[in-house]
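Residue numbers (our numbering): 714 to 1162.
Report on the following structure.
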């Protein structure tokens, strides 16, 4: 890979700074047929069947397109038929080309997966020949590639600039099935130039407990939310087909055991609300939750105490659910990963009733986002619902929580991902991302020169 002398250039809001030391220029020309050198970036995402993972890919496309990059997106073939792909990537297909990779076989042995991941990544990179590789959610494959690098002396990524995002670090919460020393070894051995973290607890654990390379390449980054204009409560309820004159406790997103939805339903069965109220399950129901709703707790649905919206939610739907609710419930099982729903609730100015474990135990009191509960105690949880609804009536979002929402906006996430590639290419964006220090302290830095 070669470099050329710095030049001045304006392209879609990004400029090559005249004082830049170097401007990246790959050793290939004419991909577009006009002789112009281009940067080819490869975005790899293997998860598409739950959550909003392909939205992360969409954000990366938005980050790199203004830099004039050629963008290649690699996903498993079945992803094309997913709700996520149709919602997030289909409208932007003119901005990237597709490559396909095998779906990961999670039931196979660890070492077979390690070897398979290394082979798949090596073949993909040989085929695409990227200048930079990005893994917007790398949790599953990151450890595999680290072990491949240690045991097989290869990962498939050694020849290119590579960045990855880790959504969770279970060891930071004492929740890992493996020893902390194993996690530290894997984090140091990961074959990435930059590793992004969306969890401040995990990020601090890496800085204080891991050290070495893991610290030098660690960056703290937003968990992107789409802060759309909010409808009124009345309008939101009409949009979602929800009753207008009831108190509503909203459970939003994938409805599964991981999110403690069975705990919430159990509490609903024990709850005797002081005024007309319902619990709303908004999002795709897992097989187990669907069976509970259809059988053991069918009477709650028939009585209107439990309302079910069993469908994949767009960002517009999520914002509407937060606007429609009086209280947002996130009674997750012990879980070493942030919840974007809490951030959406803060955007809507709504209080949360959250689990007293993991990320929730840090973020909710830190930013005065609501109250904590023990979700595994259904009787205690049921007893808290009226009090939480009453408290939610007077809830006001704090200034720090408003900064938290601003930090996590998708626009900030996009700027954060663009930073390093802009530096490599010698281009500088006039907009600078918000950082975590600003969230905590409210300190605005001087604009960039």
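Ideal Cβ placement from N, Cα and C applies to all residues, glycine included.
Who does residue i pair with in a DSSP beta bridge?
| i | result |
| --- | --- |
| residue 847 | 756, 876 |
| residue 789 | 814 |
| residue 991 | 961 |
| residue 931 | 908 |
| residue 1042 | 1066 |
| residue 1122 | 938 |
Based on Cα-Cα distance, which residue from the options lies nearest to residue i?
| i | options | result |
| --- | --- | --- |
| residue 1163 | 878, 956, 1102, 1050 | Outside the displayed range of the chain (714 to 1162) lies residue 1163, so it cannot be described from this structure. |
| residue 857 | 907, 958, 827, 913 | 827 |
| residue 1163 | 1105, 1152, 854 | The first residue shown for the chain is 714 and the last is 1162, placing residue 1163 beyond what the model contains. |
| residue 1163 | 810, 835, 830 | The chain is shown from 714 up to 1162; residue 1163 falls before or after that span and cannot be answered. |
| residue 980 | 1060, 1131, 1066 | 1066 |
| residue 897 | 907, 906, 882, 905 | 882 |
| residue 911 | 933, 892, 904 | 933 |
| residue 779 | 1146, 1135, 1148 | 1135 |
| residue 816 | 797, 770, 1071, 757 | 757 |
| residue 1178 | 1041, 1029, 755 | The chain is shown only over 714 to 1162; residue 1178 falls outside these bounds and no answer can be derived. |
| residue 954 | 906, 904, 1011, 1038 | 1038 |
| residue 1101 | 1086, 1113, 1112 | 1086 |
| residue 1015 | 992, 997, 862, 1029 | 992 |
| residue 986 | 1147, 1096, 842 | 1096 |
| residue 943 | 1028, 880, 969 | 1028 |
| residue 1048 | 845, 889, 834 | 889 |
| residue 834 | 822, 798, 861, 821 | 861 |
| residue 947 | 941, 958, 940 | 958 |
| residue 913 | 792, 844, 935 | 935 |
On the three-state DSSP scale, how would you describe residue i?
| i | result |
| --- | --- |
| residue 910 | strand |
| residue 1162 | For residue 1162, the pLDDT reaches just 32, beneath the cut-off of 50, and the residue's location in the model is therefore unreliable, leaving the point undetermined. |
| residue 1083 | strand |
| residue 809 | coil |
| residue 783 | strand |
| residue 999 | coil |
| residue 1018 | coil |
| residue 902 | helix |
| residue 767 | helix |
| residue 888 | coil |
| residue 823 | helix |
| residue 882 | coil |
| residue 860 | helix |
| residue 968 | strand |
| residue 740 | Only weak support is given to the placement of residue 740: the predicted model assigns it a pLDDT of 42, under 50, and the value that follows is read from those uncertain coordinates. The answer is coil: DSSP assigns residue 740 none of H, G, I, E or B. |
| residue 1128 | helix |
| residue 1074 | helix |
| residue 922 | helix |
| residue 1140 | strand |
| residue 1110 | coil |
| residue 852 | helix |
| residue 1008 | coil |
| residue 829 | helix |
| residue 840 | helix |
| residue 710 | Outside the displayed span of the chain (714 to 1162) sits residue 710, for which this structure offers no information. |
| residue 1102 | helix |
Got a sec? Which residues, its chain only, sit under 6 Å from residue i by beta carbon, not counting five neighbours each side?
| i | result |
| --- | --- |
| residue 813 | 790 |
| residue 899 | 856, 859 |
| residue 1052 | 1043 |
| residue 772 | 937, 1123, 1126, 1127 |
| residue 925 | 901 |
| residue 1070 | 1047 |
| residue 1098 | 984 |
State the CB to CB distance for the pair residue i and residue j, rounded to an integer number of angstroms; the pair is presumed to be in contact (CB under 8 Å).
| i | j | result |
| --- | --- | --- |
| residue 995 | residue 965 | 5 Å |
| residue 837 | residue 877 | 15 Å between Cβ atoms; not a contact. |
| residue 1113 | residue 1080 | 5 Å |
| residue 811 | residue 770 | Contact flag wrong, Cβ pair sits at about 11 Å. |
| residue 879 | residue 908 | 6 Å |
Please go through the same chain and pick out, in chain order, the residues whose beta-carbon is closer than 8 Å to the beta-carbon of residue i, but skip the five residues on each side of it.
| i | result |
| --- | --- |
| residue 746 | Any reading at residue 746 needs caution, since the residue's pLDDT is 43, under 50, leaving its predicted position unreliable; the model's value is listed next. Excluding residues within five positions, none has a Cβ falling inside 8 Å. |
| residue 1108 | 1062, 1063, 1064, 1083 |
| residue 872 | 838 |
| residue 760 | 766, 850, 853 |
| residue 744 | Legend: pLDDT at residue 744 = 47, less than 50; position of this residue unreliable, no value from coordinates given. |
| residue 920 | 928, 931 |
| residue 918 | 882, 884, 885 |
| residue 1010 | 978, 981, 982, 1019 |
Keeping to the same chain, check which residues put their C-beta closer than 7 Å to that of residue i; ignore five residues upstream and five downstream.
| i | result |
| --- | --- |
| residue 1092 | 983 |
| residue 764 | 967 |
| residue 795 | 761, 762 |
| residue 1057 | 938, 1031, 1032, 1035 |
| residue 976 | 1044, 1088, 1089, 1091, 1094 |
| residue 973 | 1044, 1045, 1046, 1068, 1088 |
| residue 809 | 774, 784, 785, 786 |
| residue 916 | 910, 931, 933 |
| residue 1147 | 1119, 1120, 1125 |
Does at least one heavy atom of the ligand FMN sit under 7 Å from the Cβ of residue i?
| i | result |
| --- | --- |
| residue 958 | As far as ligands go, the structure on display features none, and thus does not contain the ligand FMN. |
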